[in-house]
Structure formats: C-alpha cells, structure tokens
Amino acid sequence: MSIIQLDARYSNIYRTLRLESLEQCPECFASSVDEEKSLNLEAFQNHLFRDDLATFGAFDHEKLVGMTTLAMNEQQKLKHKATLLAVYVTPDYRGKGYGARLLESAIDLAREKAAIEQIHVTLATNNETALNIYHRLGFEQYGKMSRSMKLGPDVYCDELQLVLHL
9 MSIIQLDARY
19 SNIYRTLRLE
29 SLEQCPECFA
39 SSVDEEKSLN
49 LEAFQNHLFR
59 DDLATFGAFD
69 HEKLVGMTTL
79 AMNEQQKLKH
89 KATLLAVYVT
99 PDYRGKGYGA
109 RLLESAIDLA
119 REKAAIEQIH
129 VTLATNNETA
139 LNIYHRLGFE
149 QYGKMSRSMK
159 LGPDVYCDEL
169 QLVLHL
C-alpha cells in the first residue's frame, strides 16, 4: 500500500475511480455520476492542479484503489478550516486500512499547514464503517443535517457533521 498526493499525471485513473465512487455509492456524494461523466479530462486535471485542493490516492502496486481530497480555504477568515471531500475506497479494498491511511495523509498535510486548526467532514448517517474510522482518528460529531441530499422523489439522505481539532 502506498499513499501519494495526486497531480495532473493521474487524471485518467482519478477520473475512473471518481466515476466508480459515484456509481457505487450515490448517497455518499453530492455530485451525480451523470454530472461528472459530462466533464472532460481537463476538468479532472484542473482539480488535481488546484493549490487549494490536495487529493491523495491509495495504491495497491500500480492500481488506484482509494482517494480523498483536502480542501483548504483561501479566504482570510476561513483559512483555519479545511474540509475532507470525496473519501472513497473501492469495495475489494475496504477493511484493509486504506481509508484510514488516506485520512491520516490528509490530516498530516493539514497539520503541516500552520493556518489550519480544524478539519470538517460530512458523511451519510448510515455509513457506520466510515464513522468508526473518523472517531478512531479523533473526529467528533457536532451536527446532523436532515434531508441534506435529495436522491430522488421523496428519497433523502441525512448527513452527520464531524470536526477534528488539530
């Protein structure tokens, strides 16, 4: 297992895993698979090139099997906060430590940035496995958003709000 910060060279495999994540777990992400399929490769390259985003990939040899993005605020009054986005590990690699290692890499980067004092993340209320990992890493729940995402007619997903104080 290796964890690296992705750059534009990885845009093809990042796009593939991103689309897989949206297909496998539509209730876990605000974007839909159709929205992201419509984006060209340049959009994924731009994502990996942005200074305010750090996207980490988990690899099993040469295969990208997990990802997460740390979004850092550039506004002066919000620079003390960062947000974890798009946390995903492909099903065959779950329960093997990939998710925790991805999160630890993002947390380590946040700790290196003197301005970041806290990391926020939201997750579906039914994602108990992820919630347990976040709690083990020191995240605390501070809120719940009811009907946070609308998945279809009369189908909603509630989300938990967590924070890690660095």
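Residue numbers (this note's numbering): 9 to 174. Note that beta-carbon positions come from the ideal geometry of N, C-alpha and C, so glycine has one too. These figures come from a predicted structure and were not determined experimentally.
| field | Euclidean distance between Cα positions of Glu120 and Leu72 | value | One Cα belongs to Glu120, the other to Leu72, and the distance between them is close to 25 Å.
| task | Give a yes or no on whether the C-beta atoms belonging to Thr98 and Val129 are separated by under 8 Å. | result | No.
| message | Output needed for Ser113: all residues of its chain with C-beta closer than 6 Å, excluding positions within five of it in sequence on either side, in chain order. | response | Ile11, Phe64.
| Reference His88, options Thr77, Ala108, Ile127, Asp15, closest by Cα | Of the candidates Thr77, Ala108, Ile127, Asp15, the one whose C-alpha sits nearest the C-alpha of His88 is Ile127.
| task | Starting from Thr76, trace the beta strand (DSSP E) both ways and give me its first and last residue. | result | Residues 71-80.
| message | Please return the same chain residues whose Cβ sits closer than 7 Å to the Cβ of Cys165, not counting the five positions on each side in sequence. | response | A distance below 7 Å between beta-carbons, with the five flanking residues on each side excluded, links Cys165 to the following residues of its chain, in chain order: Glu35, Ala132, Ser156, Met157, Leu159.
| Rounded C-alpha distance that separates Leu117 from Ala123 | Approximately 11 Å, taken between the alpha carbons.
| request: Run the CB neighbour count on Phe57, radius 10 Å, all protein chains shown included, and call it buried at 16 or more, exposed below. | output: Phe57 is exposed by the Cβ-count criterion.
| query | Going by DSSP, which residues form a beta bridge with Met157? | reply | Partner(s): Cys165.
| query | Buried or exposed: where does Ala51 fall if 16 or more other Cβ atoms within 10 Å of its Cβ makes it buried? | reply | It counts as exposed.
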